[in-house]
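Here's the structure we're looking at; comments come further down.
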Amino acid sequence: MRELLQALLDSLDAPAEELLTAPQVLNRTAFLVKVRNCVDAELTRTVRRAENIQAAEHDGLKSMRSWLQGHVRLAAREAHRLVVNGRALEQLPAVAAAFAAGAVTADQVAVIAPIAAVDVQAEAVGQGVDLAGVDAALAEVAATHMHAELGKVVQHFLSRLRPDGTEPDPTEGRRLSIARHPDGSRSFRGELDAVGGEKFEAWLEALLQANRPAGDTRTRAQQLADALVQGVDNALAAGQAPTLRTVKPHVIVRVDLDDVVDPASGPDTARTWFGAQISAARARWLACDGNVSRVVFGPDGHTLDLGRTHRVVPHHLRKAVELRDERCVFAGCAAPSYWCDVHHLIHWIDGGETNLENSALLCERHHTKVHHGFRVERQPDGRWRTYRPDDTEIVLAESLALAR
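Take -14 as the starting number for the sequence shown in the working numbering and just add one per residue.
Set out below in C-alpha cells:
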C-alpha cells in the first residue's frame, strides 16, 4: 500500500497528461485504478473495524452507515456498500487479499458479497463445499474476467447450492432506492420478486390504459411514469395512507408570502418538504388544489409561546419547528422531519416552556440520546451544535478539516 502511494506521488512529477503518449495514458489509467482499489480496500477494512467496535456510538449514531452519510457525506448506496463489503470480506480472505492488492474493485466485492451471507455459508458447509476453494476461485475470476462474467459465476454457485430448497421469502429480494437530484427530480432503482413485480405492472397498466387520450404522442416510458404519479395522487387524495407524525401524508411546499402574491414566476423560490427547489409559479399551481397555511415566526401571527400551560406540542407549533429545523438537528443526522419528535431543550418537567425557542426536532434515536447525556444547543445565528456527555463537541469531518 505504501509503495503504491509513493508511486502515485512520484507520478505527479510526470509530464503533463496532454504530453503523454497513448500507451502512457493507458498505463497511468490502469495504475490509478489499482491505487483506487487499494484505497477502497483499506477504507472498507477500516469501516468494518469501526463497526466491530461500535465507533459510531462515540458521535451518538447507531451505525457506521449513518455515520458515513452524516459525517463524510457519502451517498446512502455507497455507505451501504462499504458496510456490506466489510462484513463479507471477513468470510472471504482470498477476495480480501486480491482487493487489498488492487486487483479487485469495490463493485466486484459487492457482487461476491451474497456468498458470504450466514445462511449461504451454513448451507455450503452442510453440503461439504470447499469454501476456501470457492473463495480462491472467486478472487481469480474477479481479477481476470469481465465484470459481467463474475455476476454469472456468483449466480451459478448460489443456484447450484440450493436448487430444490424452500421457496425464498419474497420480501428479502425487494428493494427500492430513490436518488434526489439538485433540481428536485428523482431517479429510481429497485428490484421486485416475480409476484410483487406482477402486481406492480398490473396496477400501472390499469392506470395507463384508463388514460389514453386521442392523439397521445407520449412514449411508453412517459406513459408509465405518468401512471405512477397518477396512482400516487389517487392514494394521497383518498386520505387512507398511514399518518406521519400525527398528520396525513401530503405534499408540502414552503414559500415566502411575498413570492406567493408576486405574479412573476420566481424560479427556485419555493422549497418542497423533501428539499426540491421549485418556482413560485409551480407553488401557486399546487396551492390551487390544496390548503394554504400561514406560519409567522414572530409575535404577530400564531401564538408560538405557550408558556407552561401546555406540555404536548400542538400542531401549529410543530409546523413552525419543522419549517425552521427541517430535519433532526443532531450532528451528522439527516433524519427527515416526519421521523422526528419535538424536543424541549429545557425539559418541561424542569421548568422548560413549550415555545419555538425551547424546541428542536430530533429523531427517535437522538431524542433518546439527549435524555441520556448528549445535548443540542441552538446558536444565535441559527446553527445547531451537539455535545457528548463529556461536553466535547461532535464536529463533522469537513468542519474539522477546515479548523486545521
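Note that CB positions come from ideal geometry on N, CA and C, so glycine has one too. These figures come from a predicted structure and were not determined experimentally.
| query | result |
| --- | --- |
| How far does the alpha helix (DSSP H) with residue 89 in it extend, from its first residue to its last? | Unbroken run through residue 89: none, as it is neither H nor E. |
| Go to residue 104, then tell me how far its alpha helix (DSSP H) extends in each direction, as first and last residue. | 103 to 111 |
| State buried or exposed for residue 38, treating a residue as buried only when at least 16 other CB atoms are found within 10 Å of its CB. | exposed |
| Measuring straight from C-alpha to C-alpha, what distance separates residue 323 and residue 304? | 11 Å |
| Rounded to a whole number of angstroms, what is the C-alpha to C-alpha distance between residue 264 and residue 210? | 22 Å |
| Using only alpha-carbon positions, find the residue among 240, 348, 18 and 330 that is nearest to residue 342. | 330 |
| Under the rule that 16 or more other beta-carbon atoms within 10 Å means buried, what is residue 340, buried or exposed? | buried |
| Quick one: residues in its chain with C-beta nearer than 6 Å to the C-beta of residue 77, no 5 flanking neighbours on either side, listed in chain order? | 101 and 120 |
| Expressed to the nearest angstrom, what Euclidean distance is found between the alpha-carbon atoms of residue 319 and residue 12? | 41 Å |
| Can residue 328 and residue 316 be called in contact, C-beta distance under 8 Å? | no |
| Alpha carbon to alpha carbon, how far is residue 355 from residue 285? Give it in angstroms, no decimals. | At residue 285, the pLDDT of 45 sits below 50, so the modelled position is not reliable; the number obtained from the coordinates is stated separately. Between residue 285 and residue 355, the C-alpha separation is close to 32 Å. |
| My assumption, with CB atoms under 8 Å, is that residue 178 sits in contact with residue 198. Please give the rounded CB distance. | About 34 Å separates the two Cβ atoms, so there is no contact after all. |
| Just confirm the distance between the C-beta atoms of residue 266 and residue 238, as a whole number of angstroms; I'd bet it's less than 8 Å. | Contact doesn't hold; Cβ gap of about 12 Å is too wide. |
| Rounded C-beta distance between residue 247 and residue 255? I'm assuming under 8 Å. | The pair is not a contact, with the Cβ atoms about 12 Å apart (cut-off 8 Å). |
| Nearest-angstrom Cα distance between residue 352 and residue 365? | 22 Å |
| Excluding sequence positions up to five away, which residues of its chain have a Cβ less than 6 Å from the Cβ of residue 253? | 262 |
| Who are residue 329's beta bridge partners in DSSP? | 344 |
| Tell me whether the region 87 to 95 and the region 15 to 33 touch, counting them as touching only if at least three CB pairs, one residue from each stretch, are closer than 8 Å. | yes |
| Mind checking who residue 97 pairs with in its DSSP beta bridge? | Per DSSP, none; premise fails for residue 97. |
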